[in-house]
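*Asks:* In this note's numbering, the protein residues as written are 9 to 84.
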């Protein structure tokens with residue numbers, strides 16, 4: 009058995025190892041980030057303080073949107 013790698017074997021291994029699949033790596037990163045986002049949302053919703061804060065913020069945004077619609081469309 010010959011355990012010595014020739015220069016050709018080293019260059020061949022480097023050529024195969026450095027091939028980048030940029031499109032697939034972007035998809036993989038997006039999947040990872042989505043999973044992290046989903047985990048963070050579930051974790052935040054499980055916390056009572058965070059859930060209350062989320063409901064209050066969404067309520068304030070809904071009230072603001074209602075005010076803008078009333079002021080611009082119905083009153084204007």
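Cβ atoms here follow ideal geometry from the backbone N, Cα and C, with glycine treated the same way.
Using 7 Å as the cut-off, classify the Cβ of residue 49 as near or not near the heavy atoms of the ligand SAH, replying yes or no.
*Replies:* Summarising the ligand content, the structure contains no ligands, and the ligand SAH is consequently not present.
*Asks:* Hey, residue 62 and residue 54: beta-carbon distance below 8 Å or not?
*Replies:* It is not a contact, given that the beta carbons lie outside the stated cut-off.
*Asks:* Can you name the start and end residues of the alpha helix (DSSP H) that residue 57 belongs to?
*Replies:* Residues 56-77.
*Asks:* So, with DSSP's three-state summary, where would you put residue 40?
*Replies:* If DSSP states are grouped into helix, strand and coil, residue 40 belongs with the helices.
*Asks:* Rounded to a whole number of angstroms, what is the C-alpha to C-alpha distance between residue 58 and residue 33?
*Replies:* One C-alpha to the other measures close to 33 Å.
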